[in-house]
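Q:
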Amino acid sequence: TTTNVVTIPCNLQEFASVRRAIRTIKSRYNAIHVLCNNAGIVLLEQQDENDDNDATKDGYNVQMQTNHLSHFLLVKELFPLLKNAATTNGEARIVHHSSVV
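Residues are numbered in the numbering used here as their position in the sequence shown, beginning at 1, plus a constant of 4.
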């Protein structure tokens, strides 16, 4: 058995980038077998109350959008492709990774 891993650029801090990645995936595949979501950032407390660098272009907290909201968008939009894989192969998986610092 061979495994083919494909990566597609996706900036989780921008919903537009997430939607581009979703369109790319949907244009290339009619089924996906595994969707891995990796929660990868922990932010320190804001140093300056006037500093809005902790918000994304979409207006959400960077950590919340990167670790949660964008993952929900990916799962919601790609779920039909996961269902297609499950119908064909008997299973499909969504894997959420996170870590504790």
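Note that CB positions come from ideal geometry on N, CA and C, so glycine has one too. Since this is a predicted model, take the numbers as computed values, not measurements.
Where does residue 101 land, buried or exposed, given buried means 16+ other C-beta within 10 angstroms?
A: By the 10 Å Cβ count, residue 101 comes out exposed.
Q: In chain order, what are the residue ranges of uninterrupted beta strand (DSSP E) at least 3 long that sit wholly in the segment 22 to 46?
A: 38 to 42, all fully within the segment 22 to 46.
Q: DSSP state of residue 8, grouped into three classes?
A: In the structure shown, residue 8 sits in coil (DSSP, three-state: anything other than H, G, I, E or B).
Q: In the DSSP assignment, find the beta strand (DSSP E) that holds residue 100 and state where it starts and stops.
A: Segment 97 to 101, the beta strand (DSSP E) holding residue 100.
Q: Apart from the five residues just before and just after residue 43, which ones in its own chain have a Cβ nearer than 6 Å to its Cβ?
A: Hits under 6 Å: 71 and 102.
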